[in-house]
């Protein structure tokens, strides 16, 4: 895993977006289109803002997203598809396709089947992601499933993860945070040709240390990224503060 240090979150987001834009444009040049995975959360604000301003032919880009809460409508402020619609899709009218995770679908198994069929036919050029305070990758909380080949799975959210969502201001109480989510699986994320992670803030410092310098273990899900051929971890001074 390549680790890149930045002065602050703004510089980090700009650098991660530049790296991603280069990879997207390279994919378009070589095969006529690109497939990307977009992450959400407060950590992704600077990166996404820079990415949508990059010189990219968005009409040749298909975007998926990493995860979504089970049972949460897209109108809820914590909905990840709502987040991406507002911050990306509505600002990129030329975007070829945004494949949504319908976490509130009446037939959830059918929705996951649809997503797995759709993503299973694609090669992902760039996965943009973050790391949770509990070292989760997407919503794969510890102990994460490192085995399943299904692209999307239903996962149980642990208390640390749910408290992070509460602390970031997405929900009014811990009881309001859903206990389940639809998440892209670890093995599906690892199939991406390039993974670009943006991880700011001192509250992520412990998770960063485990992900970058600890043993690979499903107790620290993001540690699996040490085994990826092209993963870059962008950090600000605070999130890198516990690295040896």
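Numbering (the numbering used here), first residue to last: 1192 to 1435.
Glycine included, every Cβ here is placed at the ideal spot set by N, Cα and C.
- In the displayed model, residue 1202 falls within a helix according to three-state DSSP.
- Residue 1408 carries a strand assignment under DSSP once its states are collapsed to helix, strand and coil.
- Counting along the chain, the unbroken alpha helix (DSSP H) around residue 1274 starts and ends at 1271 to 1278.
- Straight through space, the alpha carbons of residue 1198 and residue 1375 are spaced by roughly 31 Å.
- The Cβ neighbour count for residue 1412, taken over all protein chains shown within 10 Å, is at least 16; the residue is labelled buried.
- A direct Cα-Cα distance of roughly 13 Å separates residue 1194 from residue 1391.
- Boundaries of the alpha helix (DSSP H) harbouring residue 1354: 1350 to 1358, taken from the DSSP string.
- Counting other Cβ atoms within 10 Å of its Cβ, residue 1364 stays below 16 and is therefore classed as exposed.
- With contacts defined as CB atoms closer than 7 Å, residue 1373 and residue 1315 fail to qualify as a contacting pair.
- For the 7 Å CB-CB criterion, residue 1192 and residue 1424 form a contact.
- Fewer than three pairs of CB atoms, one per stretch, sit closer than 8 Å, so the segment 1293 to 1303 makes no contact with the segment 1399 to 1417.
- Contact between residue 1387 and residue 1330 is ruled out by a C-beta separation of about 19 Å, above the 8 Å threshold.
- When rounded, the separation of the alpha-carbon atoms in residue 1247 and residue 1212 is 7 Å.
- In the three-state DSSP reduction, residue 1337 falls in the coil class, being neither helix nor strand.
- Between residue 1368 and residue 1353, the C-beta spacing is below 7 Å.
- By the beta-carbon neighbour count (other beta carbons within 10 angstroms, threshold 16), residue 1205 is buried.
- Here residue 1255 is bridged, per DSSP, to 1228 and 1290.
- Secondary-structure assignment with DSSP links residue 1213 through no beta bridge to anything.
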